[in-house]
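The structure under discussion appears below in the form of structure tokens.
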């Protein structure tokens, strides 16, 4: 019997800190009958489309930090809005297949989503809709 539980933290929110909600869920299932995996798809999305900012923020010299942070925030906001519109129009958001594949690679019997911000609802909806089709 497959007891693969995949806990998913979907896009979209700023990837500034680890998601506390998904780690809390993990702690609840650790030691249960499930083999638990955690996927932070928010970080995966940002790695796919915003890796240049990741590289910048790893640097020690942030002379232009204010302007780069502002530009980064604007790009995030525009990206989130664009993708939410795509979902509302019945289309998949950017990076959809890549992130869906990360879930499917785990061969889950159960997928649970941790949604903390309203901005995560649209991407989660697309993933859930597709997972239901595949079931």
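Numbering (our numbering), first residue to last: 688 to 822.
We treat Cβ as the ideally placed atom computed from N, Cα and C, and that holds for glycine.
It should be emphasised that the depicted structure is a prediction, and the values quoted were computed from it without experimental measurement.
In this structure residue 735 touches residue 782 by the C-beta definition: roughly 5 Å separates them, less than 8 Å. Annotated three-state conformation of residue 799 is strand, per DSSP. Contact holds between the segment 692-700 and the segment 795-811, because three or more Cβ pairs, one in each stretch, are under 8 Å apart. The residues 759, in chain order, have a CB closer than 6 Å to that of residue 740 in the same chain once the five nearest residues on each side in sequence are set aside. The beta carbon of residue 817 sits closer than 7 Å to those of 787, all from its chain and outside the five residues before and after it, given in chain order.
Ranked by how close their Cα comes to the Cα of residue 791, the residues 756, 815, 750, 702 have 815 in first place. A check of alpha carbon separations from residue 704 across 755, 729, 809 identifies 729 as the nearest. For a cut-off of 8 Å, the C-beta gap from residue 780 to residue 770 is around 4 Å, short enough to register as a contact.
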